[in-house]
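Visitor: Be aware that the sequence shown starts at 5, since it is given in the numbering used here, and climbs by one per residue.
Glycine included, every Cβ here is placed at the ideal spot set by N, Cα and C.
These numbers were taken from a predicted model, which means no experiment stands behind them.
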Amino acid sequence: WRSSEVFGAAANGSLKVRIGATYPLAEAGRAHEDLEGRRTTGKVLLVP
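Below, the structure written as structure tokens:
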């Protein structure tokens, strides 16, 4: 994919991203441990 295609797909809603976990920014360490321990699937978000 070219970046213009990715941005276009994101803009029109055809790009689907699986969010596997959401962590508060204060728990970034735990998020990293879960990633290293392979306890996550999909994307991991840190929320400020």
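(1) Taking the C-alpha atoms as reference points, what is the distance between residue 43 and residue 52?
(2) Residue 49 by DSSP, collapsed to three states: which one?
(3) Where does residue 33 sit, in a helix, a strand or coil, going by DSSP?
(4) Between which residues of its own chain and residue 32 is the CB-CB distance below 8 Å, once the five residues before and five after are set aside?
(5) From residue 37 to residue 10, what does the alpha carbon distance come to, in whole angstroms?
Guide: Taking the geometry as given:
(1) 22 Å
(2) strand
(3) helix
(4) 50
(5) 30 Å
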